Amino acid sequence: MKSVRFLLLGSCLLAACSQKSGTDPQDFTLSGNWWQSGHLTDAVNGVSHVHEGYFYLNQSGVEFAGSGQNFGLCHNASGNYEGPLADSTAYTVSEGAVDGRQISFKTNLCTYSGSFEHGNPNRITGTATCGYVDNGITYAFAGGWQANRE
Numbered sequence: 000m001k002s003v004r005f006l007l008l009g010s011c012l013l014a015a016c017s018q019k020s021g022t023d024p025q026d027f028t029l030s031g032n033w034w035q036s037g038h039l040t041d042a043v044n045g046v047s048h049v050h051e052g053y054f055y056l057n058q059s060g061v062e063f064a065g066s067g068q069n070f071g072l073c074h075n076a077s078g079n080y081e082g083p084l085a086d087s088t089a090y091t092v093s094e095g096a097v098d099g100r101q102i103s104f105k106t107n108l109c110t111y112s113g114s115f116e117h118g119n120p121n122r123i124t125g126t127a128t129c130g131y132v133d134n135g136i137t138y139a140f141a142g143g144w145q146a147n148r149e
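Heads up: the sequence shown at position 138 corresponds to 137 in numbering that gives the first Met the number 0, and the numbers run straight through without jumps.
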């Protein structure tokens, strides 16, 4: 009787182990729509930027590309303003790369890196650096961002 119980227990454990958990690196696909947000600062120029928006991504193998759109505000000593980082015009996501749970990509003004948070294939957290020149002033932003699959 003990051998039958052991056989049944062993079969149950084997079945449980063979089911996909959704946290294997091959399960981490970026294809789809992602709601994203970020908080970036330029300490030199005393500017902060908060945005939210979308990434529309399509992955093929270990590469991905797509588009994005932001909505938000920047803030400096004079108050709130829209600025290039909050411009709602759609932009291109390019040079996307996936390495296990790590990702990186670029947009027209920013470079992003991050990872699927805590093995969750529907949430990414990371850092971004963004830069542009406006009226002869060079702006360099850095900070955190996150994205959740829609």
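Note that the Cβ used here is the ideal one computed from N, Cα and C, for glycine as well.
Just so we're clear, the structure is a prediction, and the values are computed from it rather than from any experiment.
Inset, instruction - Tell me whether Asp41 is buried or exposed, calling it buried when 16 or more other Cβ atoms sit within 10 Å of its Cβ. - result: buried
Inset, instruction - Go through the segment 37 to 90 residue by residue and report every complete run of the beta strand (DSSP E) that reaches 3 residues or more, in order. - result: 46 to 59, 62 to 75, 78 to 80
Legend entry - Neighbourhood of Asn79 by C-beta distance below 6 Å, restricted to the same chain and skipping five residues each side: Leu72
Legend entry - 7 Å Cβ shell around Leu108 - same chain, five flanking residues per side excluded: Pro83, Leu84, Cys129, Gly130, Tyr131
Inset, instruction - Answer yes or no: do Glu154 and Gly31 have a C-beta to C-beta separation smaller than 8 Å? - result: As shown, the chain starts at 0 and ends at 149. That puts residue 154 outside it, with no answer to give.
Legend entry - Rounded Cβ spacing between Val49 and His38 (contact assumed at less than 8 Å): 5 Å
Inset, instruction - Put Gly31 into one of helix, strand or coil per three-state DSSP. - result: strand
Legend entry - Beta-carbon spacing of Ser87, Asn69 below 8 Å: yes
Inset, instruction - Quick one: using the 10 Å Cβ neighbour count with 16 as the cut-off for buried, is Gly65 buried or exposed? - result: buried
Legend entry - Which of helix, strand or coil DSSP assigns to Gly95: strand
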